[in-house]
Amino acid sequence: MSGFARHETHGICLWMGDPDCQAAHDGILQWLQEKCPTFCTDLPVGGSLNILRGNLGETIAFYTGYWSVFQSVDVKSFTANALNPFGRISKPDIDIVWIHFGATTDDDLAFLQEVKTTGEVSLSLADSLISDYEKLFATNVQGIMYPENWTTE
């Protein structure tokens with residue numbers, strides 16, 4: 001993956017710029033320009049760029065997930081906002097869903113990814129993921145994923 005290196009300690013993965021943060025920035029910028037048609041780096045004629053931060057964390061999470069783990073024809077991705085960085089309106093859906101179709105149905109997997117982004121040194125914002133997951137899964141995170149609990153309304 002261009003511009004990033006993975007560091008894992010005690011089960012926590014940290015993605016860092018490789019060899020530096022500028023390389024990470026350049027890799028994401030190139031990918032954004034190639035894959036996201038709504039991404040603009042040029043100043044509009046007679047206007048100014050309204051710098052929006054929305055969805056950038058989802059975009060970076062999708063970028064690192066795709067290049068590091070899920071780059072396979074057997075994996076399909078569904079994004080709420082990751083491919084619309086700096087969009088003015090965000091969809092309230094699950095941020096990223098990755099689905100792997102295995103050789104048998106027993107090998108099929110789904111990964112739901114909720115992204116929180118902060119520019120702060122502290123990662124306390126991640127605590128809000130707890131309430132997000134409670135909203136998604138009620139009190140039984142495992143049970144909600146079984147097909148008998150799905151509705152087709």
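Using this note's numbering, the letters of the sequence shown correspond one by one to residues 1 to 153. We treat Cβ as the ideally placed atom computed from N, Cα and C, and that holds for glycine.
Residue range 56 to 65 is occupied by the alpha helix (DSSP H) that includes I60. Taking the Cα positions, G11 is about 31 Å away from F86. At the C-beta level, L112 and V97 come within 9 Å of one another. When only Cα atoms are considered, F70 and A110 end up about 11 Å apart.
Secondary structure of I89 (DSSP, three-state): coil. Judged by DSSP secondary structure, Q22 falls outside any beta strand (DSSP E) and instead within the alpha helix (DSSP H) spanning 21 to 35. Excluding five sequence positions before and after A23, the CB atoms of its chain that fall closer than 6 Å to its own CB belong to G3, G17, given in chain order. DSSP places T105 in the helix class (H, G or I) of the three-state scheme. The straight-line gap separating the alpha-carbon atoms of A103 and D74 is approximately 9 Å. Per DSSP, the beta bridge partners of A110 are I99. For F70, no beta strand (DSSP E) run applies, since DSSP gives it neither H nor E.
DSSP places K76 within a strand segment (E or B) once states are collapsed to three.
A check of alpha carbon separations from L56 across E34, S68, S72, L29 identifies L29 as the nearest. In this structure E120 is not in contact with I94, their Cβ atoms being roughly 24 Å apart against a cut-off of 8 Å.
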